[in-house]
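Take a look at the structure below.
Numbering (the working numbering), first residue to last: 329 to 484.
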């Protein structure tokens, strides 16, 4: 018989740049930088799956890919004098005409240049909150906005 065949591929080791800092990001709505935020969470995609047990196949279970699921985006920032986030949440509160917007979360490198862009599709606010206000604390007031959406794409 023939000899063993090896896969024909090569691995190129590139000089890896430094990891991107998680503290340099901002949110852009309709090409306008809205604000820098203290914290952003929920940039997550998860795929459902289905297990299929086939009769006569006893050594494994088939796993079939399903729908994508997206978690809510949560943005936190120090309370500002402007009311942009509050106003966005209030839209549709009484007439059920919630304003959906496409927006982007931009991560900057150490030089301040955009390194990653996550485009969030059809986002709308679910929850607006201010942290606990106490007279014996020296912490800043933090505004939190939780946003549902239809998906995330990786932009350029």
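Note that CB positions come from ideal geometry on N, CA and C, so glycine has one too. Predicted, not measured: the structure shown is a model, and the values here were computed from it.
Check                                                                                                                           : Outcome
Coil, strand or helix - residue 398 by DSSP                                                                                     : strand
Beta carbon of residue 402 nearer than 7 Å to that of residue 451                                                               : no
Identified DSSP bridge partners for residue 481                                                                                 : 447
Span of the beta strand (DSSP E) around residue 373                                                                             : 373-380
Rounded straight-line distance, which links the Cα of residue 384 to that of residue 473                                        : 51 Å
Helix, strand or coil at residue 419 according to DSSP, with G and I counted as helix                                           : coil
Check whether residue 357 and residue 377 have beta carbons under 7 Å apart                                                     : no
Cut-off 6 Å between Cβ atoms - residues of its own chain near residue 394, not counting five sequence neighbours on either side : 376, 377, 378
heavy atom of the ligand ATP below 6 Å from residue 377 C-beta                                                                  : The ligand ATP is not among the ligands present in this structure, which contains no ligands whatsoever.
Boundaries of the beta strand (DSSP E) in which residue 355 is found, first to last residue                                     : 353-357
Short Cβ contact (7 Å threshold) for residue 435 with residue 427                                                               : no
Counterpart residues of residue 431 in DSSP-defined beta bridges                                                                : 357, 448
Other residues of its chain near residue 367: CB distance less than 7 Å, five sequence neighbours each side excluded            : 404
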